[in-house]
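Asker: Here the protein sequences come in this chain order: A, B and C.
Sequential numbering from 0 applies to the first sequence in numbering that gives the first Met the number 0.
Sequential numbering from 0 applies to the second sequence in numbering that gives the first Met the number 0.
Sequential numbering from 0 applies to the third sequence in numbering that gives the first Met the number 0.
Ideal Cβ placement from N, Cα and C applies to all residues, glycine included.
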Amino acid sequence: MANSDHTTRRTFLSLTSGAAALVIVRPVDATPAMLSAAVRNVVGEADVHTGKVKLDIPPLVENGNTVPMTISVTSPMTADEYVKSIHVFNEKNPQPNIGNFYLGPRAGRAQVSTRIRLADSQKVTAIARLSDDTFWSATADVVVTLAACTEEAI
Amino acid sequence: MPSALINVPAKAKRGSVIEIKTLMSHIMETGYRHTASGSVVPRDIITSFICRFNGKEVFRADLYPAIAANPFITFFTTVTESGKFEFEWIGDKGFSETTQASITVE
Amino acid sequence: MKIAVCIALLTAMAGAALATEIPRSERRSGYSFMSADSKAMQDEDTANPGMLSVLDGETLWMRKAGAANKACADCHNDARVSMKGVAAHYPAFDKALGKPVDLEGRINLCRTNHQQATPFAYESRELLALTAYVARQSRGMPITAGGDPELAPFVEQGHALFMQRQGQLNLGCTSCHDDNWDKKLAGSAITQAQPTGYPLYRLEWQALGSLQRRLRACITGIRAQAYDYGSPELVELELYLMTRARGMPVETPAVRP
């Protein structure tokens, strides 16, 4: 049986209790130190402002294995004012990075979508680097009802 | 045998912004899972995705184990001329796949 | 390996079994219980990872195999024509074997009898891909399985298995899927166990899987010993579920949480 080392599975619980009471075991979470190191890696010493970035992610997901996510940045996307890149991080997966996306003026629209894994309920942060090398961010909370993990070996 | 699904409009108006959707088959093994005997299942993920138009890079992504299996990535680009989009996925264990899609600009 | 399993099972459910059949007008596919995001994933081909296997199956359909050196296409030509509606009436009665075979079983019979090749393993990439490709040709068509009178005793047997209590939790499929389908279990909808979308892409599996795999997961869930892949019991359960779903449209390849 191949199991994730950081989550639990198969929870059959009381129908009457309503809310799910999951037991979560996660020995190798990304620590806040790892997360800030990963962010520093991208932004260096620059300040990260809140705003301009929109992070669309469902607040409550059915399965942490495949969580749809869309990031869009307010920008005219012209030759001298555009989004260079978008970087996505999470708080509690074993590794803080999720993905980096490199755009440019010809993208026309600063928006990317993908699907991610979230091992647990947690915060997701997207940071955009603009053409003037300022950094902007948005953060969202996601509640995962069934954590990302496989139930059985194949 | 990897397969990819690409959604690029066949035709577009010059100067318009189009959405491109890509789906690539890949297990995206995180490298954080263990077998019953306790050994780590080695990481096997796609690490980068590149889209070029007529040879020039228009979009690129670095992927980490937190990207879901069968990576799905959508993005936008401005079309200026007819031509060919080339998509490339590169990953662990020598993974390397490319596919193409054409567009006619009117 | 750290896995903590939390089983706090309700005696309430085990006790109050009504075992009432779902009226036709109230039948609902698992699709209707899903979030908008999961529905969107199923609805759009480029967003549906199950379509990757369908593509894979299309390639395999054309590939010559076995001592006969024949491809599926050599005998069945264009699957879009020859396989239209086929999945909707499976499992079907096989006269030579004197018992029902499911779609995977039928494809493997073609492998052995007609291609003279070794059968594919259950849940192998090839078998799932070919099954998905064949079943995809019935998408949107109403399920017609179970009509053959020779199947009657097997449908009855599948029904009995569905009703039978088993496992440490002493539950029958019916306890959840007939009596409590409008409730939730650990945050996920129980649903009516409609087999309309198989093989399907399950987010939990992060892969395509067969109806048998799904049934085995439910059996393990109630702490009972799951029947082997290809066992008569699993085929009978599939047959009962498909008969119970008659008239509902095929959704293959569906997406489920």
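To be precise: take each residue of the region 161-194 of chain C, compare its Cβ to all Cβ atoms of chain A, and keep it if any distance is under 8 Å. Which residues remain?
Answerer: L168, N179, K182, K183, L184, A185, G186 and S187
Asker: Going by beta-carbon coordinates alone, are B:Y63 and A:Q94 separated by less than 8 Å?
Answerer: yes
Asker: In three-state terms, what does DSSP make of A:M68?
Answerer: strand
Asker: Check each candidate in C:P194, C:M61 and C:K94 and name the one with the smallest Cα separation from C:D147.
Answerer: C:K94
Asker: Determine which residues share a DSSP beta bridge with B:C50 and list them.
Answerer: B:F58 and B:F86
Asker: With which residues is B:F75 paired in a DSSP beta bridge?
Answerer: B:E18
Asker: Which of the three DSSP states is assigned to A:L21 in this structure?
Answerer: For A:L21, the pLDDT reaches just 33, beneath the cut-off of 50, and the residue's location in the model is therefore unreliable, although a value from the coordinates is still provided. Reduced to three states, the DSSP call for A:L21 is coil.
Asker: Determine the contact status of C:A276 and C:A116, defining contact as a CB-CB distance below 8 Å.
Answerer: Any answer about residue 276 of chain C is impossible in this case: the structure gives chain C only from 0 up to 256.
Asker: How is the alpha helix (DSSP H) around C:H176 delimited, first residue to last?
Answerer: Here the alpha helix (DSSP H) through C:H176 covers C172 to H176.
Asker: Going by beta-carbon coordinates alone, are C:L238 and C:P90 separated by less than 8 Å?
Answerer: yes
Asker: What separation, rounded to the nearest whole angstrom, lies between the Cα atoms of A:A118 and B:S24?
Answerer: 21 Å
Asker: Residues of chain B with CB under 7 Å from A:I115, in chain order?
Answerer: Among the residues of chain B, those whose CB is under 7 Å from the CB of A:I115 are A65, I66 and A67, following chain order.
Asker: State yes or no: is the beta carbon of C:S37 nearer than 8 Å to at least one beta carbon in chain A?
Answerer: yes
Asker: Here's a check: name, in chain order, each residue in its chain whose Cβ is nearer than 7 Å to the Cβ of C:C175, leaving out the five neighbours to either side.
Answerer: Cβ neighbours of C:C175 within its own chain (closer than 7 Å, five residues either side excluded): I189.
Asker: Under 8 Å, with one C-beta from each stretch per pair, do the region 97-110 of chain A and the region 133-145 of chain A reach the 3-pair mark?
Answerer: no
Asker: In the DSSP output, which residue or residues are listed as bridge partners for A:A125?
Answerer: A:A125 pairs with A:V87 and A:A137.
Asker: What do you get for A:S71, buried or exposed, if any count of 16 or more other CB atoms within 10 angstroms of its CB means buried?
Answerer: buried
Asker: For B:A65, tell me which candidate among B:S2, B:V57, B:S81 and B:E28 has the shortest Cα-Cα distance.
Answerer: B:E28
Asker: Just reading off the alpha helix (DSSP H) that C:D326 is part of, what are its end residues?
Answerer: Here chain C comprises residues numbered 0 to 256, so residue 326 of chain C is not present and cannot be evaluated.
Asker: Using a Cβ-Cβ cut-off of less than 7 Å, list which residues of the region 46-70 of chain A approach chain C; keep chain order.
Answerer: P57, E61, N62, N64, T65 and P67
Asker: Given this structure, state the Cα-to-Cα distance separating C:Q167 from C:E250, to the nearest angstrom.
Answerer: 33 Å
Asker: Below 8 Å between beta carbons: does that hold for B:R59 and B:D91?
Answerer: no
Asker: May I ask you to list the residues that DSSP assigns as paired with A:H48?
Answerer: A:W135
Asker: Compare the C-beta of A:T30 against all C-beta atoms of chain C and say whether one is closer than 8 Å.
Answerer: Using beta-carbon distances, A:T30 does not count as an interface residue toward chain C, since no partner is under 8 Å.
Asker: State yes or no: is the C-beta of B:I45 within less than 8 Å of the C-beta of B:P70?
Answerer: yes
Asker: Tell me whether the region 9-25 of chain B and the region 56-74 of chain A touch, counting them as touching only if at least three CB pairs, one residue from each stretch, are closer than 8 Å.
Answerer: no
Asker: Among the residues of its own chain, which have a CB less than 7 Å from the CB of C:H158, if the five just before and after it don't count?
Answerer: Y239
Asker: How about A:R39 and A:S84: do their beta carbons lie closer than 8 Å?
Answerer: no
Asker: Quick one: measure Cβ to Cβ for C:L199 and C:V234, integer angstroms, because I've assumed they're closer than 8 Å.
Answerer: Not really, about 18 Å apart at Cβ, beyond 8 Å.
Asker: Note down, in chain order, every chain B residue with its Cβ under 8 Å from the Cβ of A:N92.
Answerer: P64 and A65
Asker: Taking all protein chains shown into account, do 16 or more other C-beta atoms lie within 10 angstroms of the C-beta of A:H86, making it buried, or fewer, making it exposed?
Answerer: buried
Asker: Taking C-alpha atoms, which residue in B:E56, B:I72 and B:V40 lies nearest to B:N6?
Answerer: B:I72
Asker: Distance cutoff 8 Å, beta carbons only. Does C:T242 sit that close to anything in chain B?
Answerer: Taking Cβ atoms only, chain B never reaches closer than 8 Å to C:T242, which makes this a no.
Asker: Which residues in the same chain as A:H48 place their Cβ atom closer than 8 Å to its Cβ, once the five residues preceding and following it in sequence are excluded?
Answerer: T133, F134, W135 and S136
Asker: Output needed for C:S81: all residues of its chain with C-beta closer than 7 Å, excluding positions within five of it in sequence on either side, in chain order.
Answerer: H75
Asker: For B:E96, report the span of its beta strand (DSSP E) as first-last.
Answerer: S95 to V104
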